[in-house]
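Quick note on numbering: the sequence shown equals residues 1 to 311 in the numbering used here. The beta carbon of each residue, even a glycine, is placed where N, CA and C say it ideally should be. In this text the structure is predicted, and so the values were computed from the model without any measurement.
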Amino acid sequence: MSRIIILGAAQMGPIAPDESRESCVSRMVDLIKQASSRGCSFIVFPELALTTFFPRYYEEDITKMDDWYEKEMPNKATRPLFEAAADAKIGFYLGYAELTPEGRRFNTAILVDQNGKIVGKYRKVHLPGHSEYDPKRPFQHLEKRYFEPGDLGFGVWRQQGSIMGMAICNDRRWPETYRVMSLKGAEIIVLGYNTPDLNTSGKEQNHLRMFHNHLTMQSNAYMNGCWVIGTAKAGIEDGCMLIGGSCIIQPSGEIATQAATLDDELITFAADIDICNMPKDTIFNFAKHRRIEHYSVITEQTGVELPKGLN
Ligand code: CDV
C-alpha cells in the first residue's frame, strides 16, 4: 500500500510593515480552511510569515527591533492558528523571528503536528546578506545583523508516516542542506522563502531569480530522492518585489504543482511518499555508492583553497 499525504504550500502575498500578527494569522486560518476542504494534512507557510521582511530596514540599536520577534510560541496572536490547524487535523511549518529568553535572535521555523503540538524546530543556518548598512543597495538585506546562524543543525522528524526535514530560504541554494537531512532519511524537505526579484549584491538579470529558485529545489529533490515543498512570501512588500513560484516538487525533480499568483494561494498535491524508494534504493543508494573518503574537504574547509604554484 502506498503512503499518500496530501501536501500543501500556503503561499502568502505581501505583509505590510504595519499589518498586525492577528491579521496575518487570520489570513493563515483562511488557508487552513481551504486546506481542510481539500483533504490536506500538512501545509507549509513562508519564512518570517508573521511580519513584513524586516531585515530590509536598518536600525543602529538592535533592541529597537524587538517587536518584530516572537518571544514565545505559540503566543496570544498565533494561538488561533494552532487551534484551527489542530481542529482540522493539519500539521504545518511556520517561519518566524525568534528572540530567546537569553536575548539570542534566530530566523526560525517550527514543525507542528496534527494536534497543534510543536514537534520540531530549525534555526536558519545559511544567513544571506550583510550586517552593516550598505548605502549601495536600493534596500537592505540585514539578516546577518538581526540573526545569528542556527545552532540546531538539520534535524528530521517522523510525521504522518514519513520523515520530514526543514530549511529556510537561502538554505535551499546549498546542496549540503538537503544531503545532511537525506542522510538522516528525509523524504519530505520543506522550506519557506522571501526572495526579492532583484539581486542587490551583484549584477544579475531578474528572471534568473525564479530560475535559480526552482533549479536548486528541483535538482536537490532529484539528487536526494525526496519531495521538496518551497513556499514564498510573494508580491510587492513595502516597495520590494518578492518572487512567488511556490511549488511542490517530486523526487524525480519535476514540479508537481506551482502557484499561479503572487497572493495568498494554496496549492496542494496528493504525494505518494513511497516514490522516494526507487531513487533511494538505486541510483542514489547512499550506502552503496557514496565515497566519503574523497569528501572530507567538504567539512574540513569552508572557502576555496587554490592549488599551489603559478599557471
Ligand atoms: N530570505 C533569504 O534568505 N533570501 C535570499 C536572498 C537574499 C538571495 C534567498 O536566498 O532567496
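Closer than 8 Å: Pro128 CB and nearest the ligand CDV heavy atom: Correct: Pro128 has its Cβ closer than 8 Å to the ligand CDV.
Tyr146 Cβ short of 8 Å to the ligand CDV heavy atom set: no
Per-residue DSSP class, three states only, for Tyr133: coil
Distance between beta carbons of Pro196 and Cys240, contact taken as under 8 Å: 6 Å
Inter-residue CB distance, Ala259 and Gly13 (contact presumed, cutoff 8 Å): No, Ala259 and Gly13 are not in contact; Cβ-Cβ is about 11 Å, not under 8 Å.
Short Cβ contact (9 Å threshold) for Pro307 with Cys276: no
C-alpha gap between Tyr193 and Gly309, whole angstroms: In a straight line, the C-alpha of Tyr193 is about 42 Å away from that of Gly309.
Buried versus exposed call for Leu215 [16 or more other C-beta atoms within 10 Å across all chains shown]: exposed
Every unbroken beta strand (DSSP E) within the region 22-54, with a cutoff of 3 residues, ordered by chain: 42-44
Cβ shell of Val190 (< 7 Å), same chain only, five flanking positions each side left out: Val44, Tyr93, Met164, Met166 and Ile229
Identity of the residues DSSP links to Asp272 by a beta bridge: Ile4
7 Å Cβ shell around Glu237 - same chain, five flanking residues per side excluded: Pro14, Ile15, Thr52 and Phe53
Residues sharing a beta bridge with Lys233, DSSP: Met12
Tyr193 beta carbon near the ligand CDV (any heavy atom closer than 8 Å): yes
The alpha helix (DSSP H) enclosing Glu143, as first and last residue numbers: Glu143 to Tyr146
Any non-hydrogen atom of the ligand CDV within 8 Å of Asn115 CB: No, the ligand CDV has no heavy atom inside 8 Å of this Cβ.
Same chain only: Cβ atoms within 6 Å of Tyr133, ignoring 5 sequence neighbours per side: Tyr58
Entirely enclosed beta strand (DSSP E) segments - the region 204-259, minimum 3 residues: Secondary structure in the region 204-259: the beta strand (DSSP E) runs of 3 residues or longer, each lying completely within the stretch, are 227-232, 235-237, 240-242, 247-249 and 255-258 in chain order.
Same chain, Cβ closer than 7 Å to Met65, neighbours up to 5 away in sequence not counted: Counting only Cβ-Cβ distances below 7 Å, and skipping sequence neighbours, we find Phe54, Glu59 and Tyr146.
Pro74 Cβ short of 8 Å to the ligand CDV heavy atom set: no
Length of the line joining the Cα atoms of Val25 and Thr78: Their backbone Cα atoms lie some 6 Å apart in a straight line.
Continuous alpha helix (DSSP H) stretch holding Arg179: start and end: Pro175 to Leu183
For Tyr122 and Leu152, the rounded distance between their alpha carbons: 6 Å
Where Arg158 falls: helix, strand or coil (DSSP): strand
Alpha-carbon to alpha-carbon, Trp157 and Ile90: 16 Å
Distance cut-off 8 Å: Arg105 Cβ against heavy atoms of the ligand CDV: no
Pro135 versus Asn107: straight-line alpha-carbon distance, rounded: 24 Å
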